[in-house]
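>
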Amino acid sequence: MPELYPDATSLAQSIRNGEVTAKAVVAAALARIAEHNPSLNCFTTVLAEQAMGDADTVDQAIAAGHNPGPLAGVPFGVKDLFDIAGVRTLAGSKINATRSPAAQDATLIQRLKQAGAVLVGAQLMDEYAYGFVTENSHYGPCRNPHDLNRMTGGSSGGSAASVAAGLVPLALGSDTNGSIRVPSALCGIFGLKPTFGRLSRARTYPFVASLDHLGPFTRSVRDSALAFDLMQGPDPADPACTQRPAQLCLPELSKGIDGLRIAIADEYFATNAEPDILTAVEHLGQALGATQRVTIPEAKRARAAAFIITASEGSHLHLDDLRKTPQDFDTATRDRFLAGALIPATWYLQAQRFRAWYRDRVRELFQQVDIILAPTVPCPAPLIGQTTLKLDGVETLLRPNIGLFTQPLSFIGLPIVNVPIQRPGQLPIGMQIIAAPYQEALALRVAAYLESQGLVAAPVPTLP
Amino acid sequence: MNQEPMDYTTYVEQAAAVVGLPIPPEYHQSVVENFERIAAIAQLVMEFPLDDDVEIAPVFEP
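Taken in sequence, the protein lines are chains A and B.
All residue numbers for the first sequence refer to our numbering, where the first residue is 1 and numbers rise by one.
All residue numbers for the second sequence refer to our numbering, where the first residue is 1001 and numbers rise by one.
1. Strictly by DSSP, which residues pair up with Lys94 (chain A)?
2. For a quick check, are the C-beta atoms of Ser155 (chain A) and Ala129 (chain A) less than 7 angstroms apart?
3. Who are the Cβ neighbours of Asn1002 (chain B) in its own chain at under 7 angstroms, not counting the five residues just before and after it?
4. Hey, would you say Gln110 (chain A) sits closer than 7 angstroms to Gly77 (chain A), going by beta carbons?
5. How is Met231 (chain A) classed by DSSP in three states: helix, strand or coil?
6. Between which two residues does the beta strand (DSSP E) holding Asn177 (chain A) run?
7. Fully enclosed by the stretch 404 to 448 of chain A, which alpha helix (DSSP H) runs are 4 residues long or longer?
8. For Met1046 (chain B) and chain A, any beta-carbon pair shorter than 7 angstroms?
9. Please report the straight-line C-alpha distance between Leu260 (chain A) and Ala356 (chain A), rounded to a whole angstrom.
10. Mind pulling the chain A residues with CB within less than 9 angstroms of Ala1017 (chain B)?
11. Give the DSSP bridge partners of Thr204 (chain A), in chain order.
12. Using a cut-off of 8 angstroms between C-beta atoms, extract the partners of Pro1076 (chain B) located in chain A.
13. Using a beta-carbon distance below 7 angstroms, is Pro1049 (chain B) in contact with chain A?
14. Would you call the stretch 196 to 204 of chain A in contact with the stretch 144 to 152 of chain A, where contact means no fewer than 3 C-beta pairs closer than 8 angstroms?
15. For chain B, check one thing: does any of its Cβ atoms lie closer than 7 angstroms to the Cβ of Gly413 (chain A)?
16. For Gly289 (chain A), which option in A:Leu373, A:Ala381, A:Thr242 has the closest C-alpha, if you only look at C-alpha atoms?
17. Would you mind stating whether Pro428 (chain A) and Pro437 (chain A) have Cβ atoms separated by less than 7 angstroms?
18. Assuming Lys193 (chain A) is part of the beta strand (DSSP E), what are its boundary residues?
19. Is Ile412 (chain A) near Val362 (chain A), with beta carbons less than 7 angstroms apart?
20. Quick one: Cα of Val1019 (chain B) to Cα of Lys79 (chain A), how far?
21. To the nearest whole angstrom, what separates the beta carbons of Phe82 (chain A) and Ala106 (chain A), a pair I think is in contact under 8 angstroms?
22. Hey, is Asn1002 (chain B)'s beta-carbon within less than 7 angstroms of any beta-carbon in chain A?
23. Which class does Asp360 (chain A) belong to by DSSP, given the choice of helix, strand or coil?
24. Using the rule of at least 16 other Cβ atoms within 10 Å of the residue's Cβ for burial, across every protein chain shown, is Glu298 (chain A) buried or exposed?
25. For Leu444 (chain A) and Cys249 (chain A), which I take to be in contact (beta-carbon distance under 8 angstroms), what is that distance rounded to the nearest angstrom?
26. Our contact map puts Asn136 (chain A) next to Gln407 (chain A) with C-beta atoms below 8 angstroms; I'd like the distance itself, whole angstroms only.
27. Output the distance between the C-alpha atoms of Met1 (chain A) and Ile384 (chain A), rounded to the nearest integer angstrom.
28. With DSSP as the reference, please indicate the residues paired to Gln511 (chain A) in a beta bridge.
29. Check the DSSP bridge columns for Ala1042 (chain B) and list the partner residues they point to.
30. Roughly how many angstroms separate the alpha carbons of Ile262 (chain A) and Ala273 (chain A), rounded to a whole number?
31. According to DSSP, simplified to helix, strand and coil, what is His36 (chain A)?
32. Out of A:Asp212, A:Thr387, A:Ala287, A:Gly86, which has the shortest C-alpha to C-alpha gap to Pro239 (chain A)?
33. Is the beta carbon of Ala165 (chain A) sitting closer than 7 angstroms to the one on Pro183 (chain A)?
34. Helix, strand or coil for Phe1048 (chain B), going by three-state DSSP, please let me know.
35. By the criterion of Cβ-Cβ separation under 7 angstroms, what are the contact partners of Ala117 (chain A) in chain B?
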């Protein structure tokens, strides 16, 4: 009896072995999207005809005895800031709906398609990725598959929800300050934010060029590793993309955690969260034999600097539209963008110089440890429309603070895996597994170990 | 940076004029409030002493 919601790896194996056709798999995904998207609101565009055509191509390749690729027939979706040939790249906005359709797929879409994967659509996000909630005033809120009254987190909320709900086993999103890790934690799935520059951002709509990363959402660690491996490699079309050769992670997963120095982040990362969240990190830390504590220095200031760079670069990108059509922005982003456009250069420059200082301190930390554990989010998924959050007894604004544990880390481009912690009868939460730059394989090894012990997992909840 | 609490109303008006960014009156109060939040956060960054040799990474290599 095949598993009801196989991961991408096992789905591709079944298709390659001829147990099921790619067309049947893609048709089933499209049917599930049609059934559940009206309530989840995670897809903004569904490419049914194109996807069925691509699935047919995979089936024909198999029939002809050709290698259809490691992701043969696997349906996937992308946050709607990825260019899809022939589709308008909305980036969650109304403004971009007036632009021409994209001429060519984003590099990462091309690489997944080359591996046999089948693109089924584009997914909802906060406008221009400026948010942690995916409550979009133009297109409505995305809903959490674990509780439809709750938010998915953001900004890649549509991508996370689609994977959590079992609509697709794989999706791509972006993470500038936490936008892969926050929604993967709140929706209870795996999310990988690789090292800054590791994956090409070519032909994706930017938010903050200094801080933007792309990465996969999956329901298994091996899928994260496989998708990441297939997408790695230099790309002259993204000036920030590294020239380093690909370092494959999938072959590393079975190496376990022996010899890894694993520590739990204290101070900043051990306060301002609901007690259950910190207990869960401790529990997983014990399972990993993490006895050390480390202090990531000046994490609060790092978050502040990331905030300034984000507001300044993000606003500058949209200056022309802010001048001409401010009324067409999402009400949740408009006034932040307008204010960000007025930031004095000296604040921005100090934030960038601080980034270099802070990177050097954290590099020193990774001389002592290989892996650092920290919570991903301060709380489980809040209700849609909720505006405040109680942290350590203090009522605080929800929107900026959901990312308080993610923002200081993406700021210096560290590779991080969010692992999903399921709690019976309660909403899922997440933990960040943080490695030194370019050590994605170590973070994924730790995630694979926890998965093998049954401590982290991404089962599909029963949808209404 | 100014340590005293500042009224950013005038700053927002004048900086917006300098960069040629008209701010519709109905958004003005909210933009000022957003700028106040940014300014409070920027203070954390600005008060941190950095040696002269700490440079921005022109191509950021983590």
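Ideal Cβ placement from N, Cα and C applies to all residues, glycine included.
The relevant details are as follows:
1. By one-based count along the first sequence, residue 94 (chain A) stands at place 94. Beta-bridge pairing links Lys94 (chain A) to no other residue.
2. Locating residue 155 (chain A) in the first sequence gives position 155, where the first residue counts as 1. Locating residue 129 (chain A) in the first sequence gives position 129, where the first residue counts as 1. Cβ distance < 7 angstroms, so Ser155 (chain A) and Ala129 (chain A) count as in contact.
3. Mapped onto the second sequence, residue 1002 (chain B) falls at position 2. Unreliable placement is indicated for Asn1002 (chain B), whose pLDDT of 49 sits below 50; no coordinate value is reported for it.
4. Sequence index remark: in the first sequence, residue 110 (chain A) carries index 110 (1-based). Sequence index remark: in the first sequence, residue 77 (chain A) carries index 77 (1-based). No, Cβ-Cβ distance for Gln110 (chain A) and Gly77 (chain A) is not below 7 angstroms.
5. Stepping through the first sequence from its first residue, residue 231 (chain A) is reached at position 231. If DSSP states are grouped into helix, strand and coil, Met231 (chain A) belongs with the helices.
6. Working through the first sequence from its first residue, we reach residue 177 (chain A) at position 177. No beta strand (DSSP E) contains Asn177 (chain A), which DSSP labels as neither H nor E.
7. 407 to 410
8. Here residue 1046 (chain B) corresponds to residue number 46 of the second sequence, with the count starting at 1. Taking Cβ atoms only, chain A reaches closer than 7 angstroms to Met1046 (chain B), which makes this a yes.
9. Here the question's residue 260 (chain A) lines up with position 260 in the first sequence. Here the question's residue 356 (chain A) lines up with position 356 in the first sequence. Computed Cα separation, rounded: 27 angstroms.
10. Stepping through the second sequence from its first residue, residue 1017 (chain B) is reached at position 17. Under the 9 angstroms cutoff, chain A gives no residues; its nearest Cβ is about 10 angstroms from Ala1017 (chain B).
11. For this step, residue 204 (chain A) is matched to residue 204 along the first sequence. Answer by DSSP bridge pairing, in chain order: A:Phe82.
12. Past the edges of chain B, shown from 1001 to 1062, lies residue 1076 (chain B), and the structure says nothing about it.
13. Taking the first residue of the second sequence as position 1, residue 1049 (chain B) is located at position 49. No - not a single Cβ of chain A is within 7 angstroms of the one on Pro1049 (chain B).
14. no
15. Taking the first sequence and counting its residues from 1, the one referred to as residue 413 (chain A) is at position 413. It does: the Cβ of Gly413 (chain A) has a partner Cβ on chain B nearer than 7 angstroms.
16. Locating residue 289 (chain A) in the first sequence gives position 289, counting from the first residue. Of the candidates A:Leu373, A:Ala381, A:Thr242, the one whose C-alpha sits nearest the C-alpha of Gly289 (chain A) is A:Leu373.
17. The sequence position of residue 428 (chain A) within the first sequence is 428, counting from 1. The sequence position of residue 437 (chain A) within the first sequence is 437, counting from 1. In this structure, Pro437 (chain A) does not lie closer than 7 angstroms to Pro428 (chain A) by Cβ.
18. Walking along the first sequence from the start, residue 193 (chain A) turns up at place 193. Here the beta strand (DSSP E) through Lys193 (chain A) covers 190 to 193.
19. Along the first sequence, read from residue 1 onward, the residue named residue 412 (chain A) stands at position 412. Along the first sequence, read from residue 1 onward, the residue named residue 362 (chain A) stands at position 362. Yes.
20. Residue mapping note: residue 1019 (chain B) aligns to position 19 of the second sequence, counting from 1. Residue mapping note: residue 79 (chain A) aligns to position 79 of the first sequence, counting from 1. Roughly 32 angstroms between the two C-alpha positions.
21. Working through the first sequence from its first residue, we reach residue 82 (chain A) at position 82. Working through the first sequence from its first residue, we reach residue 106 (chain A) at position 106. The pair is a contact, with the Cβ atoms about 4 angstroms apart (cut-off 8 angstroms).
22. Stepping through the second sequence from its first residue, residue 1002 (chain B) is reached at position 2. Below a pLDDT of 50, predicted positions are generally treated as unreliable, and Asn1002 (chain B), at 49, falls in that range; the measurement from the model is reported next regardless. It does not: the Cβ of Asn1002 (chain B) has no partner Cβ on chain A nearer than 7 angstroms.
23. Counted from its first residue, the first sequence places residue 360 (chain A) at position 360. Three-state DSSP puts Asp360 (chain A) in a helix.
24. By 1-based counting over the first sequence, the position of residue 298 (chain A) is 298. Its Cβ being crowded by 16 or more others within 10 Å, Glu298 (chain A) is buried.
25. Here residue 444 (chain A) is taken as the residue at index 444 of the first sequence, counted from 1. Here residue 249 (chain A) is taken as the residue at index 249 of the first sequence, counted from 1. That belief holds up - the Cβ atoms of Leu444 (chain A) and Cys249 (chain A) are roughly 5 angstroms apart, short of 8 angstroms.
26. Along the first sequence, one-based indexing puts residue 136 (chain A) at 136. Along the first sequence, one-based indexing puts residue 407 (chain A) at 407. Not quite, the Cβ-Cβ distance comes to about 21 angstroms (not below 8 angstroms), so this is no contact.
27. Reading the first sequence from its first residue, position 1 is the one you call residue 1 (chain A). Reading the first sequence from its first residue, position 384 is the one you call residue 384 (chain A). Here the model assigns Met1 (chain A) a pLDDT of 41, short of 50, so the residue's position is not dependable, and the following value carries that caveat. So the two alpha carbons sit approximately 38 angstroms from each other.
28. Summary: the structure shown does not reach residue 511 (chain A), with chain A confined to residues 1 through 464, and so no result is reported for it.
29. For the purposes of this step, residue 1042 (chain B) is taken as the residue at position 42 of the second sequence. Answer is none; Ala1042 (chain B) lacks a bridge partner.
30. The count along the first sequence starts at 1 and reaches residue 262 (chain A) at position 262. The count along the first sequence starts at 1 and reaches residue 273 (chain A) at position 273. Distance between the alpha carbons of Ile262 (chain A) and Ala273 (chain A): 21 angstroms.
31. As a first step, residue 36 (chain A) is located in the first sequence; it is residue number 36 there, counting from the start. If DSSP states are grouped into helix, strand and coil, His36 (chain A) belongs with the helices.
32. Sequence index remark: in the first sequence, residue 239 (chain A) carries index 239 (1-based). Considering only alpha carbons, the answer is A:Asp212.
33. For the purposes of this step, residue 165 (chain A) is taken as residue 165 along the first sequence, with counting starting at 1. For the purposes of this step, residue 183 (chain A) is taken as residue 183 along the first sequence, with counting starting at 1. Going by C-beta atoms, Ala165 (chain A) is not nearer than 7 angstroms to Pro183 (chain A).
34. Here residue 1048 (chain B) refers to the residue found at position 48 when the second sequence is read from its first residue. Phe1048 (chain B) falls in the coil class under three-state DSSP.
35. Counted from its first residue, the first sequence places residue 117 (chain A) at position 117. Residues of chain B passing the Cβ test: none, with the nearest at roughly 28 angstroms.
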